[in-house]
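Colleague: According to this note's numbering, the residues represented by the sequence shown are 531 to 629, in order. All C-beta atoms, glycine included, are put in the ideal place defined by N, C-alpha and C. Following this message is one structure expressed as structure tokens.
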Amino acid sequence: MDREPLGGWVYIMANRYRGALYVGVTSSLAARVAQHREGTGSDYCARRGLTRLVWAERGSEIDECIAHEKRLKRWRREWKFALIEKANPDWDDLYDVIL
């Protein structure tokens, strides 16, 4: 029996307005952001204090999300800033809004 592919999320964490950024992918955004906020999500985020969810996009298939994450990681910082600011101009923490 074939299982239906599960969706996922591509997301960006930040420590402050136009500060350090982390682009990630997950199947459970709430759990992953909670890990980042607790300092257990990734060493990179923990070292830089990246606890603010500033952008997230839902995808219907995890493979597509992974490909999108890889593309975003290659983007210039200014392009990532523009992406965030298009949906979240004040760089608010979206944790309680999205989840």
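#1: For A612, name the three-state secondary structure that DSSP assigns.
#2: Only counting the same chain, and skipping five residues up and downstream in sequence, which positions put a Cβ closer than 7 Å to that of M531?
#3: Could you work out which residue in E594, R588 and I542 is closest to S572 when comparing CA atoms only?
#4: With a 10 Å radius around its C-beta and 16 neighbouring C-beta atoms as the bar for buried, classify E591 as buried or exposed.
#5: Does the beta-carbon distance from A576 to G569 come in below 8 Å?
Modeller: Answer, in terms of the structure:
#1: A612 sits in a helix when the DSSP states are folded into three classes.
#2: Confidence in M531 is poor, its pLDDT being 45 and thus under 50, which makes the residue's placement unreliable; the coordinate value appears in the next sentence. Hits under 7 Å: none found.
#3: Closest by alpha carbon: I542.
#4: E591 should be labelled exposed.
#5: The answer is yes: Cβ separation under 8 Å.
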